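Chains as they are written, first to last, in the working numbering: chain D, 1 to 307; chain L, 1001 to 1086. Virtual Cβ for every residue (Gly too), placed ideally from N, Cα, C. Here the structure is a predicted model, which means the values were calculated and not measured.
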């Protein structure tokens, strides 16, 4: 069992290795729900797990990945997926963005995944009965928003919560993906702008490789980092221009409402809450109180540092 | 229309009376909480809430766009297959 290519997530990897060991001996794997913020590698981890599931002959099973936001009807689920890919075959099915599964399909999955001693279920739709033998079929789900998945479906799955990536893990990801040495000092600065996000670390590594190739350099040192971040417009702590704008708006008044922020930034309230405020709060640059939103001392210091 | 109070907050309405008011293609605005309450029954008939109302309705107006084959193409399920080497 190998998750060597995945950095960090040691507890999760041990748990998945345990499930794989069981699957190789019994042909049975639990159905798993991978939960983590965006860019944390849940899909990669699910795919790596799937790549090691074996069919009854001991060969690697095929995987299909479904983008759940494109699932629209139960009929399509039955016709395009169950009959075409699952019925009579050995396969692993990964539902990506699982919170988008429509309720009709969710209800069907409740029946399909109903646990029993035989580890198999039949599902009938429009006179067609499909057998789900869990020695042959494993369902995996990945989502950032587990709370949006129906609780009865969550109850039928083993939930795998990914750990938050440390800055050191992110540094390892960057180093591993850049095919040239990076100085420790430069890497320390790179780690600070990755926002705890593994996907960003991979993207950053790709950009650094491109920078090194285009400037014909064989290593990435502090001087390169300064030049690199100026070229790409990377801000301290990895803040986006809109997040800096929010801090500036907050600094103008002692308290600001979400509606006011939305009006001034032209962003929806949901987008502000989901995409920007979480990170600013995590860094302690702003705080939300019952009376409204306000900038913190650290937030003011951040804005000062930009001058 | 005959109405029978069940509790202070509920009414019973005969379906035949509703049918006098609404045609098959009429759009009826109902509270989301009520829709959630009957989601299971709708699902049993192959109707998903997400399909019913993907975008929030603005004010009181609803525009109906005729369903076309192009729309069907755009909503085809995206599936990617991966085979792993032994």
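Check, Outcome
"Can you pull the DSSP bridge partners for residue 295 of chain D?", "D:286"
"Got a sec, what are the start and stop residues for the beta strand (DSSP E) residue 1078 of chain L sits in?", "1078 to 1082"
"Would a C-beta distance cut-off of 9 Å place residue 47 of chain D and residue 94 of chain D closer than the cut-off?", "yes"
"Does DSSP put residue 19 of chain D in a helix, in a strand, or in coil?", "helix"
"Residue 197 of chain D: buried (16+ other C-beta within 10 angstroms of its C-beta) or exposed?", "buried"
"Closest Cβ-Cβ distance between residue 1079 of chain L and chain D: below 9 Å?", "yes"
"With a 10 Å radius around its C-beta and 16 neighbouring C-beta atoms as the bar for buried, classify residue 1015 of chain L as buried or exposed.", "exposed"
"Which residues in chain D sit within 7 Å of residue 1035 of chain L, going by Cβ to Cβ distance?", "Per Cβ cutoff of 7 Å: no residues; residue 1035 of chain L is ~10 Å from chain D at best."
"Alpha carbon to alpha carbon, what distance is there between residue 1046 of chain L and residue 1062 of chain L?", "Note that residue 1062 of chain L has pLDDT 48, beneath the 50 cutoff, so the model's placement of it is unreliable and no number is given."
"Name the two residues that bound the continuous beta strand (DSSP E) containing residue 118 of chain D.", "Looking at the DSSP string, residue 118 of chain D is not in any beta strand (DSSP E), and its letter there is neither H nor E."
"Measuring only between beta-carbons, confirm whether residue 1076 of chain L sits less than 9 Å from chain D.", "yes"
"Extract the residue ranges of the alpha helix (DSSP H) inside the stretch 147 to 224 of chain D, only unbroken runs of 4 or more that lie entirely within it.", "151 to 155, 167 to 177, 184 to 192 and 198 to 214"
"Can you list, in chain order, the stretches of the alpha helix (DSSP H) that have 4 or more residues and sit fully within the stretch 53 to 130 of chain D?", "103 to 112"
"If the cut is a Cβ gap below 9 Å, which residues of chain L does residue 63 of chain D touch?", "1080, 1081, 1082, 1083 and 1084"
"May I ask you to verify whether the stretch 166 to 181 of chain D touches the stretch 207 to 214 of chain D, counting CB pairs closer than 8 Å and requiring at least 3?", "yes"
"Starting from residue 140 of chain D, follow the beta strand (DSSP E) in both directions and report where the run begins and ends.", "137 to 143"
"With 9 Å set as the bound, which would you pick, yes or no: does the beta-carbon of residue 30 of chain D sit closer than that to a beta-carbon of chain L?", "no"
"Quick one: does residue 70 of chain D have its CB under 9 Å from some CB of chain C?", "The structure shown contains no chain C; its protein chains are D and L."
"Would you say residue 105 of chain D faces chain L, with C-beta separation under 9 Å as the test?", "yes"
"What span of residues does the alpha helix (DSSP H) with residue 1034 of chain L cover, start to end?", "1032 to 1037"
"Return the CA-CA distance between residue 138 of chain D and residue 162 of chain D, expressed in angstroms with no decimal places.", "20 Å"
"Would you say residue 317 of chain D reaches chain L, if we count a Cβ-Cβ gap shorter than 9 Å as a contact?", "Residue 317 of chain D cannot be examined here, being either before or after the span of chain D that is shown, 1 to 307."
"Using a Cβ-Cβ cut-off of 7 Å (strictly less than) and excluding sequence neighbours within five positions of residue 202 of chain D, which residues of its own chain qualify?", "173 and 177"
"Is there at least one Cβ from chain L nearer than 9 Å to residue 3 of chain D's Cβ?", "no"
"Would you call residue 254 of chain D buried or exposed, if buried means 16 or more other Cβ atoms sit within 10 Å of its Cβ?", "exposed"
"Hey, quick one: how far does the alpha helix (DSSP H) through residue 244 of chain D stretch, first residue to last?", "241 to 252"
"Please name the residue in D:282, D:33 and D:5 whose C-alpha comes closest to that of residue 155 of chain D.", "D:33"
"Could you check whether the Cβ of residue 264 of chain D sits closer than 9 Å to any Cβ belonging to chain L?", "no"
"Is the separation between the beta-carbon of residue 42 of chain D and that of residue 50 of chain D shorter than 9 Å?", "no"
"Considering Cα atoms alone, identify which of D:90, D:63 and D:82 is closest to residue 1082 of chain L.", "D:63"
"Please determine, among D:289, D:102, D:128 and D:96, the residue with the shortest C-alpha to C-alpha distance to residue 143 of chain D.", "D:96"
"So that I know if they touch, is there some Cβ in chain L lying closer than 9 Å to that of residue 155 of chain D?", "no"
"Straight-line CA distance for residue 316 of chain D to residue 12 of chain D?", "Summary: the structure shown does not reach residue 316 of chain D, with chain D confined to residues 1 through 307, and so no result is reported for it."
"Once you ignore the five residues that flank residue 125 of chain D on each side, which residues in its own chain have a CB closer than 6 Å to its CB?", "78"
"With residue 261 of chain D as the anchor, note down where its alpha helix (DSSP H) starts and where it stops.", "258 to 265"
"Hey, residue 130 of chain D and residue 123 of chain D are a contact pair by Cβ (cut 8 Å); roughly how many whole angstroms apart?", "5 Å"
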